[in-house]
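From first to last, the protein sequence lines are chains R and U.
The number in my numbering is simply the position in the first sequence, starting from 1, with 362 added.
The number in my numbering is simply the position in the second sequence, starting from 1, with 362 added.
Reading through the C-alpha cells given below for one structure.
Number of protein chains: 2
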Amino acid sequence: MKTLKYSKATNYALHTMLHLALSNSTKPVGVQILAEQQKVSPTYLSKILTKLVKEGMVASASGANGGYSLTKGWESISFLDIIYAIEGKSSLFDCDLNHGPECLIQKVMLTSEEKMEEELRQQTIAGLIAEMTTT
Amino acid sequence: MKTLKYSKATNYALHTMLHLALSNSTKPVGVQILAEQQKVSPTYLSKILTKLVKEGMVASASGANGGYSLTKGWESISFLDIIYAIEGKSSLFDCDLNHGPECLIQKVMLTSEEKMEEELRQQTIAGLIAEMTTT
DNA sequence: ATATTACAGACTCGTAAAGTCTTTTATTAT
DNA sequence: ATAATAAAAGACTTTACGAGTCTGTAATAT
Chain R
363 MKTLKYSKAT NYALHTMLHL ALSNSTKPVG VQILAEQQKV SPTYLSKILT KLVKEGMVAS
423 ASGANGGYSL TKGWESISFL DIIYAIEGKS SLFDCDLNHG PECLIQKVML TSEEKMEEEL
483 RQQTIAGLIA EMTTT
Chain U
363 MKTLKYSKAT NYALHTMLHL ALSNSTKPVG VQILAEQQKV SPTYLSKILT KLVKEGMVAS
423 ASGANGGYSL TKGWESISFL DIIYAIEGKS SLFDCDLNHG PECLIQKVML TSEEKMEEEL
483 RQQTIAGLIA EMTTT
C-alpha cells in the first residue's frame, strides 16, 4: 500500500525546515548542504524548496552566498502548514459514489481527519526546537 | 497527489459493511447486489470482501443462496478495523533518514496520527445506523 | 447433475511519485 | 563587464502500485 502515506517529499520538507530553523539564519543555506544531510539530490530537493518558497515560509536568494532561509514569523509555522504546502489541502477521503446529499461515512472520516489536523496545527518547528534545547 | 489518500477499496469496504448491517442479515447478500449499488464490478468487489472475510468481520457462503453476511459481534466493529483490513496497519509516516535513535519529527507525526485513529476506533457501523434511525 | 456463488491467481492499464538532466534566470564578487 | 555562483523551470525517465479485468477452480444448495 502506497496510498495513505505521506510522500517522501513531505519528510524532506519537514527536515529541511527544521534544519533551516536550527542554523540561526543570519546567512542563507545552500541547497547542497541541505541535500547532503538528507542524502537526496540537490536538484530534487530544490523542487521541494521552491514549493515552500511559493507558500511564503522560506525565502530564497540567488547568486553567490545565496541559498534558503526562513521568513519572518517562521516561529508560528505549523506542521500542518508544511504538509499542506507539499501534499496539498485536499481531504484524505472522498466518497465518490453520490448517494444522497450527505454521506454519513464521509462525515465520520472527515471529522477523524480533523482530529489529526488539529494536532498538526498546534505542533510547530519552533516548539520542536524548544523541546530539544530544554532536555 | 495520490498518496495520503484512502484507496477506493476502503470506500467500497465501508459502504459494503454498512449495507450488510442494514440488510438484517437473516440471509446472506450476494456480491452482485452489493456491487450494483456501488457501481463497481462484482469481481473487484469480491476481492475486497475476501479481505474482510479473512479479518473475520464478514462471513461468506458459497453456492446457491450464498453470499456475504456480518459475523457475530459485528456491532463492535469500528471504522478503524475496516480501514486496517484494507489499507493495512502501517503508519502514515516513516522517517527513513536514520539520524539518531529517535526522530522528533517522526514522533510528532505519529501522535497526530493516533488522534485520528482514536476517533476512528470509537466510530462504529452500528453507531452510524443508530444515528440514521433516530433522526 | 447442474446451477449458483465465492475464491484464487495471473494479467493489463493508467497514473503519480521520485528522481535526473538541461537550460535559464538572478545575484554577487572581482 | 564578466565570470562565478546559486536558484527556478521544465522536459524527461523510471518505477511502483492502485484499480480493474479475465479465467478458472472450489464449494453448496436444489
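Where a beta carbon is used, it is the ideal one built from N, C-alpha and C, also for glycine.
*Tell me the DSSP bridge mates of Tyr430 of chain R?*
When DSSP reads this structure, Tyr430 of chain R sits in a beta bridge with R:Val391 and R:Ser422.
*Report the residue from R:Lys469, R:Ala492, R:Glu476 and R:Gly429 whose alpha carbon sits nearest the alpha carbon of Thr378 of chain R.*
Here the closest residue by C-alpha is R:Gly429.
*Check distances from the C-beta atoms of the region 369-384 of chain U to those of chain R and list, in chain order, the residues that come in under 7 Å.*
Contact residues of the region 369-384 of chain U toward chain R are Ser369, Asn373, Leu376, His377 and Leu380 (C-beta to C-beta distance below 7 Å).
*asked:* Cβ closer than 9 Å: which chain U residues qualify as neighbours of Lys401 of chain R?
replied: In chain order: Leu459.
*Between Ile467 of chain R and chain U, is there a C-beta pair that is closer than 8 Å?*
It does; some Cβ of chain U falls within 8 Å.
*Tell me whether Gln485 of chain U is buried or exposed, calling it buried when 16 or more other Cβ atoms sit within 10 Å of its Cβ.*
Counting Cβ neighbours within 10 Å, Gln485 of chain U comes out buried, since at least 16 surround it.
*Measure the C-alpha to C-alpha separation of Ala375 of chain R and Gly462 of chain R and round it to an integer number of angstroms.*
Distance between the alpha carbons of Ala375 of chain R and Gly462 of chain R: 40 Å.
*Sub-8 Å separation of Leu384 of chain U and Val420 of chain U beta-carbons*: No.
_Contact set for Ala371 of chain R: own chain, Cβ-Cβ below 6 Å, skip 5 residues either direction_ = Closer than 6 Å at the Cβ level, and outside the excluded window around Ala371 of chain R, lie Ile410 and Ile448.
*asked:* On the criterion of 16 or more Cβ atoms from any shown chain inside 10 Å, does Met363 of chain U qualify as buried, or is it exposed?
replied: Around the Cβ of Met363 of chain U, a 10 Å sphere holds fewer than 16 other Cβ atoms; the residue is exposed.
_List, in chain order, every chain R residue whose beta-carbon is nearer than 7 Å to that of Leu482 of chain U._
Those within 7 Å of Leu482 of chain U in chain R are Ser474.
*Do the region 474-489 of chain U and the region 468-488 of chain R make contact, defined as three or more Cβ pairs closer than 8 Å?*
The region 474-489 of chain U makes contact with the region 468-488 of chain R; the number of CB pairs closer than 8 Å reaches 3 or more.
_On the DSSP letters alone, give me the boundaries of the alpha helix (DSSP H) that Thr365 of chain U sits inside._
Counted as a single uninterrupted DSSP element, the stretch harbouring Thr365 of chain U is not any alpha helix (DSSP H), since DSSP gives it neither H nor E.
*Cα-Cα, which of U:Ala397, U:Ile444 and U:Thr405 is closest to Glu417 of chain U?*
Nearest C-alpha to Glu417 of chain U: U:Ile444.
*Cβ atoms of Glu398 of chain R and Leu466 of chain U: under 8 Å apart, would you say?*
Result no, Cβ atoms of Leu466 of chain U and Glu398 of chain R do not sit closer than 8 Å.
*Between Gly489 of chain R and Thr495 of chain R, what straight-line distance do the alpha-carbon atoms span, to the nearest angstrom?*
Whole-angstrom Cα-Cα distance: 10 Å.
*Just to confirm, are Val391 of chain R and Ser431 of chain R a CB contact at a threshold of 8 Å?*
For Val391 of chain R and Ser431 of chain R, yes; Cβs fall inside 8 Å.
*Under 7 Å between beta-carbons, which chain R residues line up against Leu454 of chain U? List them in chain order, please.*
Near Leu454 of chain U (Cβ distances below 7 Å), the residues of chain R are Leu366, Lys367 and Tyr368.
*Taking the continuous alpha helix (DSSP H) assigned at Phe441 of chain R, which residues delimit it?*
In the DSSP assignment, Phe441 of chain R falls within the alpha helix (DSSP H) that extends over Phe441 to Glu449.
*Give the straight-line distance between the Cα atoms of Thr412 of chain U and Lys367 of chain R, rounded to the nearest whole angstrom.*
Each residue's CA atom was taken as its position, placing Thr412 of chain U and Lys367 of chain R some 24 Å apart.
_8 Å Cβ cutoff, Met419 of chain U in contact with chain R_ = It does not: the Cβ of Met419 of chain U has no partner Cβ on chain R nearer than 8 Å.
*With 16 other Cβ atoms within 10 Å as the buried cut-off, status of Asn373 of chain R*: Counting Cβ neighbours within 10 Å, Asn373 of chain R comes out buried, since at least 16 surround it.
_Strictly by DSSP, which residues pair up with Thr486 of chain R?_
Paired residues: R:Ser440.
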